[in-house]
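Enquirer: Sharing a structure here in structure tokens format.
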């Protein structure tokens with residue numbers, strides 16, 4: 001593999017972290033707790049000083065091969081994780097279920113972006129890292145026109161844990177899978193039949209994982225991953241992995257990524273690892289990359305013309321290249337994203353190398369009023385006494401973690417004569433939620449926007465909810481583009497897993513808690 005092996009990686013070798021899951025290329029497995037151990041085909045055991053970490057669960061005895069007949073105990077070693085974590089579960093059926101998780105391709109991309117935002121937020125505690133970056137662009141320099149997303153984080157677990165089917169605990173605790181868990185599987189499956197995951201961990205381990213529809217079996221879910229210490233000859237080890245030890249999984253996936261050329265697929269895979277090891281990501285010890293290969297579809301109308309970097313890309317439902325699909329989806333994300341997030345000021349989000357501004361509402365709302373209410377979890381909204389909303393208590397928060405911020409203001413861009421079209425930007429944002437048909441209906445009436453989580457992700461737009469909120473139905477006070485923003489930055493209002501819908505709508509009693517805005 002001449003195009004791959006000439007690029008060395010030379011970083012100081014250190015001790016390896018523990019891992020305890022085995023996956024294999026042979027479907028015949030025995031179950032040992034959460035680990036799967038092959039009865040017939042086990043990786044070759046390397047010497048103790050080998051930087052490559054094959055994986056076998058602690059205490060499992062492995063019969064050595066190549067003439068050595070004695071039993072060897074292998075403890076806490078890394079996986080060539082080909083295998084069927086969900087043995088007995090229909091992998092193809094599970095994959096098809098994942099593809100139905102999101103209403104539109106844009107919603108799937110937003111879920112991946114949410115993970116990147118949450119991961120980047122962990123770096124803000126480190127004073128040495130300012131303005132963490134999230135990079136989203138078309139994979140046209142290395143791949144064949146898919147979409148790639150990169151971000152740094154304070155902590156990234158091994159991909160063998162990220163790709164466990166039923167593990168979803170997030171955060172920075174010991175058994176966490178970081179910010180990428182079940183959602184990354186659902187989103188990747190919804191967008192592409194082949195996605196590659198790359199990560200750098202602790203400045204010294206390079207990992208690759210595969211999400212591929214054609215690898216799924218009738219009786220198992222196959223989500224392979226592998227991790228190397230960066231002092232080894234990774235191109236050589238990757239070649240062995242694809243052509244010798246696991247050709248039916250790794251070889252098949254990288255051949256598809258190389259469009260029929262397995263050598264080209266391995267070369268592209270290695271170049272992605274080099275990008276997170278060098279350049280602008282060199283100083284970040286933990287970097288995560290998702291590569292979506294050949295998007296299946298996009299959510300734009302067939303008449304849409306997307307302009308990227310001065311060039312026009314005409315949308316057609318049939319015959320579009322992978323690069324065209326990617327540009328269309330990223331162009332849609334770039335247009336709508338300023339309204340979709342409230343709190344990205346501390347993070348740089350670049351889409352197609354262009355920085356996304358996060359001053360959407362600041363440029364629209366006048367006579368802006370802000371206040372904060374504590375949300376009691378012990379009582380139903382309809383049973384709360386009016387005294388709870390006394391002016392003197394509005395700012396007296398006993399528990400800030402249970403509070404919700406409210407912003408009220410007037411949007412002059414929505415204040416138009418009856419029959420005129422609403423602001424194009426507002427319409428663009430709201431079509432994310434299937435509200436496209438409302439663009440000409442009462443554009444200047446009251447609107448409520450529900451944002452949630454620390455990133456301030458837009459979850460719902462409510463049109464003219466005056467009766468729901470106990471406000472007068474007349475137009476004298478509430479027909480000047482009145483806008484109410486509910487900023488649930490603590491995540492007090494529960495959402496479903498994909499953040500496409502809230503589980504409950506905020507039930508405000510008819511004793512108008514807002515007073516006079």
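In full-length UniProt numbering, the protein residues as written are 1 to 517. Note that CB positions come from ideal geometry on N, CA and C, so glycine has one too.
(1) How many angstroms separate the CA atom of residue 64 from the CA atom of residue 352?
(2) Confirm, please, whether the CB-CB distance from residue 249 to residue 291 is below 8 Å.
(3) Evaluate residue 364 with the Cβ neighbour count: other Cβ atoms within 10 Å of its Cβ, from every protein chain shown; 16 or more gives buried, anything less gives exposed.
(4) Would you grab the beta carbon distance between residue 132 and residue 347 for me? Rounded to a whole angstrom, and I think it's under 8 Å.
(5) Can you tell me which of the three DSSP states residue 271 falls into?
(6) Touch check for the stretch 197-207 and the stretch 220-234: three-plus C-beta pairs under 8 Å?
(7) Whether or not the stretch 115-126 and the stretch 245-260 are in contact is what I'm after, with contact meaning three or more pairs of Cβ atoms, one per stretch, closer than 8 Å; do they touch?
(8) Is residue 21 buried or exposed, if buried means 16 or more other CB atoms sit within 10 Å of its CB?
(9) When burial is assigned at 16 or more other CB atoms within 10 Å of the CB, is residue 111 buried or exposed?
(10) For residue 499, which of helix, strand or coil comes out of DSSP?
(11) I'd like to check one pair, residue 326 with residue 146: are the Cβ atoms closer than 8 Å?
(12) Check the DSSP bridge columns for residue 159 and list the partner residues they point to.
(13) Is residue 490 closer than 8 Å to residue 403 when the C-beta atoms are compared?
(14) Are the Cβ atoms of residue 196 and residue 184 separated by less than 8 Å?
(15) What is the DSSP secondary structure of residue 217, reduced to helix, strand or coil?
(16) Classify residue 547 as helix, strand or coil using the three-state DSSP reduction.
(17) Evaluate the contact criterion for the stretch 158-165 versus the stretch 338-345: three or more CB pairs, one atom per stretch, below 8 Å.
(18) Which residues bound the alpha helix (DSSP H) around residue 526?
(19) Quick check on the burial criterion: 16 or more other C-beta atoms within 10 angstroms. Buried or exposed for residue 366?
(20) Using only alpha-carbon positions, find the residue among 96, 140, 134 that is nearest to residue 324.
(21) Can you say whether residue 454 is buried or exposed, counting buried as having 16 or more other CB atoms within 10 angstroms of its CB?
(22) So for residue 263, helix, strand or coil by DSSP?
(23) Just the Cα atoms here: how many angstroms apart are residue 408 and residue 482?
(24) Spatial neighbours of residue 375 within its chain, please: C-beta separation below 7 Å, excluding the five flanking residues on both sides.
(25) By Cβ distance below 6 Å, which residues in the same chain neighbour residue 271 in space, the five residues on each side in sequence not counted?
(26) In the DSSP output, which residue or residues are listed as bridge partners for residue 455?
(27) Going straight from the alpha carbon of residue 286 to that of residue 156, what length do you get?
(28) The alpha helix (DSSP H) spanning residue 323 covers which residue range?
(29) Where do the N-terminal and C-terminal ends of the alpha helix (DSSP H) with residue 92 fall, by residue?
(30) Counting contacts by CB-CB distance shorter than 8 Å, is residue 470 in contact with chain C?
(31) What's the C-alpha gap between residue 224 and residue 98?
(32) Excluding sequence positions up to five away, which residues of its chain have a Cβ less than 6 Å from the Cβ of residue 337?
(33) Which residue comes first and which comes last in the beta strand (DSSP E) that contains residue 372?
(34) By DSSP's criteria, residue 487 is part of a beta bridge. Which residues make up the other side?
(35) Three or more C-beta pairs under 8 Å: does that hold for the stretch 260-267 against the stretch 87-97?
Expert: Answer, in terms of the structure:
(1) Residue 64 sits at position 64 when you count from the first residue of the chain shown. Residue 352 sits at position 352 when you count from the first residue of the chain shown. Confidence in residue 64 is poor, its pLDDT being 29 and thus under 50, which makes the residue's placement unreliable; the coordinate value appears in the next sentence. Answer to the nearest angstrom: the Cα atoms are 50 Å apart.
(2) The count along the chain shown starts at 1 and reaches residue 291 at position 291. The count along the chain shown starts at 1 and reaches residue 249 at position 249. It is not a contact, given that the beta carbons lie outside the stated cut-off.
(3) As a working mapping, residue 364 is identified with position 364 in the chain shown. Classification for residue 364: buried.
(4) Numbered from its first residue, the chain shown carries residue 132 at position 132. Numbered from its first residue, the chain shown carries residue 347 at position 347. With a Cβ gap of about 5 Å, residue 132 and residue 347 count as contacting.
(5) Here residue 271 refers to the residue found at position 271 of the chain shown. Three-state DSSP puts residue 271 in a helix.
(6) yes
(7) no
(8) Along the chain shown, read from residue 1 onward, the residue named residue 21 stands at position 21. A caution first: residue 21 carries a pLDDT of 34, below 50, which makes its placement in the model unreliable, though a value can still be read off. So residue 21 counts as buried.
(9) Here residue 111 corresponds to residue number 111 of the chain shown, with the count starting at 1. When all chains shown are included, residue 111 counts as buried.
(10) By 1-based counting over the chain shown, the position of residue 499 is 499. Looking at residue 499 - three-state DSSP - the assignment turns out to be coil, as it is neither helix nor strand.
(11) The sequence position of residue 146 within the chain shown is 146, counting from 1. The sequence position of residue 326 within the chain shown is 326, counting from 1. A contact, by the Cβ cut-off of 8 Å.
(12) Here the question's residue 159 lines up with position 159 in the chain shown. Residue 159 pairs with nothing; no bridge assigned.
(13) Translated into the one-based positions of the chain shown, residue 403 becomes position 403. Translated into the one-based positions of the chain shown, residue 490 becomes position 490. Yes, the Cβ-Cβ distance between residue 403 and residue 490 is below 8 Å.
(14) One-based indexing of the chain shown puts residue 196 at position 196. One-based indexing of the chain shown puts residue 184 at position 184. Cβ distance not < 8 Å, so residue 196 and residue 184 don't count as in contact.
(15) To locate residue 217, count along the chain shown from 1; it is residue 217. In this structure, residue 217 counts as strand in the three-state DSSP scheme.
(16) Because residue 547 is not part of the residues shown, which for the chain are 1 to 517, the question remains open.
(17) no
(18) The structure shown does not extend to residue 526, since the chain spans only 1 to 517, so no value can be given for it.
(19) As a first step, residue 366 must be located in the chain shown, where it is residue number 366. Burial call: exposed.
(20) In the chain shown, residue 324 corresponds to position 324, counting from 1. The residue with the shortest Cα to Cα distance from residue 324 is 140.
(21) Looking up residue 454 in the chain shown gives position 454. Residue 454 is exposed by the Cβ-count criterion.
(22) Looking up residue 263 in the chain shown gives position 263. Residue state, collapsed to three classes: helix.
(23) If you number the chain shown from 1, residue 408 lands on position 408. If you number the chain shown from 1, residue 482 lands on position 482. So the alpha carbons of these two residues sit roughly 7 Å apart.
(24) As a first step, residue 375 is located in the chain shown; it is residue number 375 there, counting from the start. Here the set comprises 402, 403, 404, 492.
(25) Indexing the chain shown from 1 puts residue 271 at position 271. Excluding sequence neighbours, residue 271 sits near 142.
(26) Within the chain shown, the letter at position 455 stands for residue 455. Paired residues: none, contrary to the question.
(27) In the chain shown, residue 286 corresponds to position 286, counting from 1. In the chain shown, residue 156 corresponds to position 156, counting from 1. Cα to Cα, the separation comes out at about 6 Å.
(28) Counted from its first residue, the chain shown places residue 323 at position 323. Counting along the chain, the alpha helix (DSSP H) containing residue 323 begins and ends at 322-340.
(29) Walking along the chain shown from the start, residue 92 turns up at place 92. From DSSP, the alpha helix (DSSP H) with residue 92 extends over 91-98.
(30) Absent from the structure: chain C. Only one protein chain is present.
(31) As a working note, residue 224 is residue 224 in the chain shown. As a working note, residue 98 is residue 98 in the chain shown. Spanning the two alpha carbons is a distance of roughly 17 Å.
(32) Taking the first residue of the chain shown as 1, we reach residue 337 at position 337. Here the set comprises 356.
(33) For the purposes of this step, residue 372 is identified with residue 372 of the chain shown, where counting begins at 1. Here the beta strand (DSSP E) through residue 372 covers 366-374.
(34) Taking the chain shown and counting its residues from 1, the one referred to as residue 487 is at position 487. Bridge partners of residue 487: 405, 451.
(35) no
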